[in-house]
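Structure first, then comments.
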């Protein structure tokens, strides 16, 4: 993923939804229905995957679903869980994404055999590991 694409993703509601995967949410849809369940996945288009979902039709009828998918275009509101702390959730998410990117870069440099860059990235990796271990 290019840095432009990463910045675009990080500046959307989708980035926050990525950070709360695994938590329970309620989603109000554009057709006046709603669905509640555990957020199991989200993509850049804000398509949502919910597990153990309860779908409520506009007339109040409910249906249970093991898995439920919502197209991002159909989302009107996403009600966040009461325990949500957006600042902390986003910080953890971005730290994890940066760590994954750095480790991926190190792995690609190791396979290419570029020794100068490899030394620099090893130092960065070690620094990142120390920083990550201090936080946890």
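In full-length UniProt numbering, the protein residues as written are 1 to 136.
By construction, the Cβ of each residue, glycine as well, lies at the ideal position given by its N, Cα and C atoms.
(request) Give the secondary structure of residue 36 by DSSP, where H, G and I count as helix, E and B as strand, and everything else as coil. (result) Here residue 36 is taken as the residue at index 36 of the chain shown, counted from 1. DSSP places residue 36 in strand when its eight states are reduced to three.
(message) Please give me, in chain order, every unbroken run of the alpha helix (DSSP H) with length at least 4 that falls completely inside the UniProt domain "Sm" (12 to 84).
(response) 13 to 19
(message) Tell me the rounded alpha-carbon separation between residue 67 and residue 128.
(response) If you number the chain shown from 1, residue 67 lands on position 67. If you number the chain shown from 1, residue 128 lands on position 128. Rounded to the nearest angstrom, the two C-alpha atoms are 37 Å apart.
(request) Determine the contact status of residue 37 and residue 56, defining contact as a CB-CB distance below 8 Å. (result) In the chain shown, residue 37 corresponds to position 37, counting from 1. In the chain shown, residue 56 corresponds to position 56, counting from 1. Not closer than 8 Å, so no.
(message) Do residue 20 and residue 39 have their beta-carbon atoms positioned less than 8 Å apart in this structure?
(response) Sequence index remark: in the chain shown, residue 39 carries index 39 (1-based). Sequence index remark: in the chain shown, residue 20 carries index 20 (1-based). Their beta carbons are under 8 Å apart, which means residue 39 touches residue 20 by this criterion.
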